[in-house]
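Shown next, in structure tokens, is the structure this report addresses.
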Amino acid sequence: MQNAEQLAGMVLTQLINPGNATGYGVAACPANMRGARYCCGSPGRVMLQIGSIEMGKRFYHMPTRTEPYTTESSSVDVQCGIESYEGTMCCILSGADYQLGEIGTLDSLMTTSYEKTILDEEITSRLLYVKAGTEVSEATSSVSNIMEAKDMGGNFLMDEDTVDYMYDAWYPKYTDWNREKIDDSEKRDYILKKANAEWKRRLEEAPESMIDQGVEEALDDYIKAHTK
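The following block contains the structure:
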């Protein structure tokens with residue numbers, strides 16, 4: 202059904218303005234039949250998103266868009282993390298060209314969390330690193346170093362290749378790998394507190410405008426000229 206609707210919209214767009222840029226993507230999801238409700242946290246929705254990406258790329262040869270970061274959870278909790286990561290992983294690794302802006306959303310797209318917005322950034326960063334893959338070449342395989350360490354019964358910690366490539370690895374900004382000793386009462390909110398501090402810092406340091414002043418003035422003039 203949504204495929205037919207998408208194609209009809211594209212045809213209408215071209216009839217109105219031939220050559221107008223268009224893309225392909227659906228927002229389909231299974232219903233939660235326990236309450237007859239829209240459910241954006243379902244793995245079934247992920248499957249529909251992957252299918253639409255494949256359809257757009259393989260059959261229509263068009264840029265594709267999708268909707269990641271979605272969750273049914275009303276708070277930034279474990280369920281939120283599972284559903285957001287699941288949907289975003291499939292969208293990014295399936296090769297979507299554009300991701301619609303559900304970043305930071307909660308409660309079936311009904312609200313937004315600044316903390317989740319920050320953590321969704323880290324989800325994206327992780328997955329883009331995975332999507333980039335691993336370079337396999339004579340230089341990166343380090344066969345001679347492996348054999349040397351093997352013969353000497355050594356390790357690779359101080360190897361030149363280790364030092365050269367260690368900066369290419371991915372490291373988290375908000376999740377924690379260092380097992381810092383945190384008081385039990387703070388453990389539950391540790392990552393959320395880091396995310397909270399980050400969005401507050403960004404707003405505090407944000408410029409008055411994110412675009413060039415000349416561009417902003419041109420946009421204002423355009424809006425005034427086309428406002429009745």
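Quick note, the sequence shown lines up with residues 202 to 429 if you use this note's numbering. Quick reminder that beta carbons are idealized off the backbone N, C-alpha and C, glycines included.
Whole angstroms are fine: how far does the CA of residue j sit from the CA of residue i?
i: Y225; j: E268; result: 12 Å
i: I217; j: D298; result: 25 Å
i: P373; j: K425; result: 45 Å
i: F357; j: I412; result: 47 Å
i: E409; j: S345; result: 54 Å
i: V212; j: S253; result: 18 Å
i: R402; j: S342; result: 41 Å
i: T428; j: A209; result: 30 Å
i: P219; j: M263; result: 16 Å
i: D362; j: L420; result: 51 Å
i: G245; j: I347; result: 44 Å
i: D369; j: Y330; result: 10 Å
i: L404; j: E339; result: 46 Å
Just to confirm the assignment, what range does the alpha helix (DSSP H) spanning residue i have?
i: C230; result: Where C230 is concerned, there is no enclosing alpha helix (DSSP H), given that its DSSP letter is neither H nor E.
i: C281; result: 279-294
i: Y423; result: 414-426
i: P244; result: 244-255
i: T214; result: 203-217
i: E405; result: 391-406
Assuming residue i and residue j make a contact with CB atoms under 8 Å, what is their CB distance in whole Å?
i: C292; j: Q280; result: Contact flag wrong, Cβ pair sits at about 19 Å.
i: E316; j: L393; result: 5 Å
i: T325; j: T289; result: 7 Å
i: E323; j: Y375; result: 5 Å
i: G236; j: T271; result: At roughly 17 Å, the Cβ-Cβ gap does not stay under 8 Å, so G236 and T271 are not in contact.
i: S434; j: D321; result: Within the shown structure, residues of the chain are numbered from 202 to 429, placing residue 434 beyond reach of any answer.
Exercise. With a floor of 4 residues, list each alpha helix (DSSP H) that falls wholly inside the stretch 330-369, ordered by position along the chain.
Key: Runs of the alpha helix (DSSP H) inside the stretch 330-369: 339-342, 344-353, 361-366.
Quiz prompt | the stretch 303-314 contacting the stretch 333-340, beta-carbon criterion three pairs below 8 Å | solution = The answer is no - the stretch 333-340 does not touch the stretch 303-314, with fewer than three Cβ pairs under 8 Å.
Quiz prompt | Segment contact, 8 Å Cβ cut-off, at least three pairs: the stretch 248-266 with the stretch 210-229 | solution = The answer is yes - the stretch 210-229 touches the stretch 248-266, with three or more Cβ pairs under 8 Å.
Exercise. Examine the Cβ distances between the stretch 255-266 and the stretch 275-290 and report whether three or more of them are shorter than 8 Å.
Key: Touching, no.
Quiz item: Is the stretch 313-330 touching the stretch 391-407 in the sense that three or more CB pairs, one from each, lie closer than 8 Å?
Solution: Counting C-beta pairs closer than 8 Å gives three or more between the stretch 391-407 and the stretch 313-330, which meets the contact rule.
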